[in-house]
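Heads up, the thing below is written out as structure tokens.
There are 2 protein chains.
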Amino acid sequence: MTKRTSFAAMNCSLARALDVVGEWWTLLVVREVYFGRRSFTEMRDTLGIARNILSDRLASLVAGGVLERRTGGSDLRRNEYHLTAKGRDLIPVLVVLMRWGDRWEDDGTGPPIVLTDRDTGAELEPAVVDAATGREIDAGTIGVRPGPGFRPEAWPAPAAGPR
Amino acid sequence: MTKRTSFAAMNCSLARALDVVGEWWTLLVVREVYFGRRSFTEMRDTLGIARNILSDRLASLVAGGVLERRTGGSDLRRNEYHLTAKGRDLIPVLVVLMRWGDRWEDDGTGPPIVLTDRDTGAELEPAVVDAATGREIDAGTIGVRPGPGFRPEAWPAPAAGPR
Chain A
1 MTKRTSFAAM NCSLARALDV VGEWWTLLVV REVYFGRRSF TEMRDTLGIA RNILSDRLAS
61 LVAGGVLERR TGGSDLRRNE YHLTAKGRDL IPVLVVLMRW GDRWEDDGTG PPIVLTDRDT
121 GAELEPAVVD AATGREIDAG TIGVRPGPGF RPEAWPAPAA GPR
Chain B
1 MTKRTSFAAM NCSLARALDV VGEWWTLLVV REVYFGRRSF TEMRDTLGIA RNILSDRLAS
61 LVAGGVLERR TGGSDLRRNE YHLTAKGRDL IPVLVVLMRW GDRWEDDGTG PPIVLTDRDT
121 GAELEPAVVD AATGREIDAG TIGVRPGPGF RPEAWPAPAA GPR
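So the protein sequences, as listed, match chains A and B. With the numbering used here, letter number 36 in the first sequence gets 36, and the count goes up by one each step, no holes. With the numbering used here, letter number 155 in the second sequence gets 155, and the count goes up by one each step, no holes.
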């Protein structure tokens with residue numbers, strides 16, 4: 001699969017994030033590890049992914065600091081992949097994207113998986129809000145301004161702005 | 001770029017979502033349109049993306065119902081892309097992924113872009129919470145159970161479960 005110019009150089013945290021996780025298989029591999037399927041073989045069987053692609057994805061997730069590999073000593077088959085703190089911090093992203101899939105890519109049978117609160121068992125309804133005010137963040141409420149890491153030369157003339 | 005088996009058939013809303021948006025360029029194209037860069041030429045210039053790839057991405061986003069194309073009558077150069085409701089509903093996903101990039105892919109200069117509340121100008125700190133309780137949703141708080149659309153045959157033997 002051709003990889004284009006690295007997004008890492010772009011002056012945008014979304015682009016940088018996509019440079020690490022922006023590929024079809026990546027988030028599904030993270031899902032698998034989160035669900036406790038930690039070995040190459042288990043992931044290959046569940047995802048139906050080609051051996052070389054899975055191998056490639058696992059290597060880039062380890063290189064990107066999302067997964068860490070714990071070796072099984074002399075038994076290579078016992079290698080296990082675990083989420084790092086950086087990887088665990090992707091789970092809320094998965095959750096929000098999964099809910100988008102529930103809403104917009106329903107095959108007519110409803111959500112395959114329901115998220116629950118691990119302590120109470122209550123169904124969770126994920127929402128993206130501002131931590132300070134609790135106000136929902138959506139396309140209609142966001143403005144943007146340059147942050148400390150903004151490099152004007154990396155951006156073209158201002159667009160109309162979010163709308 | 002080789003496209004593998006469609007994720008749409010997988011019994012998982014995350015996989016189905018990735019089937020629509022799970023590619024390097026897709027979310028950046030959504031970002032551009034959200035920022036008001038609506039023409040092919042503007043997007044190509046800002047993203048530095050090859051003409052054929054951008055063309056391909058725009059076509060699949062239109063086919064996937066994320067973008068709609070409004071034609072400029074007889075002047076093809078005036079074609080504009082707009083977010084549909086489904087596309088606008090991706091903005092919270094972008095926001096959460098961007099914040100992950102702010103945290104984990106900082107080049108040392110801080111966030112390039114700061115999100116603000118469009119009404120008050122106050123800086124936004126996006127969080128993923130349960131709508132009912134306001135409790136933060138993260139890797140440590142989630143449980144899962146089969147939903148109405150669950151098809152046991154599409155899933156392998158239960159894994160250890162989220163942890």
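Note that the Cβ used here is the ideal one computed from N, Cα and C, for glycine as well.
Asked	Found
Nearest-angstrom Cα separation, counted from R16 (chain B) out to A132 (chain B)	26 Å
Beta-carbon proximity of N79 (chain A) to G87 (chain A), cut-off 7 Å	no
CB contact check: A59 (chain B) to chain D, cutoff 7 Å	Protein chains A and B are contained in the structure displayed, whereas chain D is not.
Three-state secondary structure assigned by DSSP to D56 (chain A)	helix
Segment contact flag, the region 127-144 of chain B with the region 109-119 of chain A, C-beta cutoff 8 Å, min 3 pairs	yes
Alpha-carbon spacing of A59 (chain B) relative to N52 (chain B), whole angstroms	11 Å
Contacting residues, own chain, Cβ-Cβ under 6 Å from R44 (chain B) (five flanking each side not counted)	L54
Reference F26 (chain A); option with closest CA among A:A122, A:V93, A:C12	Looking at the sequence shown, residue 26 (chain A) is not Phe but Thr. Closest option to T26 (chain A), Cα to Cα, is A:V93.
Partners in chain A for N11 (chain B), counting only beta-carbon separations shorter than 7 Å	P112
Near-chain B residues of the region 16-47 of chain A - C-beta to any C-beta below 7 Å	R16, A17, L18, V20, G22, E23, W24, L27, L28, R31, Y34, F35, G36, R37, D45, T46
Nearest-angstrom Cα separation, counted from L14 (chain B) out to G64 (chain B)	15 Å
Residue span of the alpha helix (DSSP H) that contains D138 (chain A), given as start and end	Taken as a continuous stretch (DSSP letters only), D138 (chain A) belongs to no alpha helix (DSSP H), as it is neither H nor E.
Option nearest V30 (chain B) by Cα separation, candidates B:M10, B:A9, B:V62, B:C12	B:V62
Supposed close pair L18 (chain A), W24 (chain B) - CB separation, criterion 8 Å	6 Å
Between the CA atoms of G36 (chain A) and L47 (chain A) - distance to the nearest angstrom	14 Å
C-beta contact flag for V128 (chain A) and V96 (chain B) at 7 Å	yes
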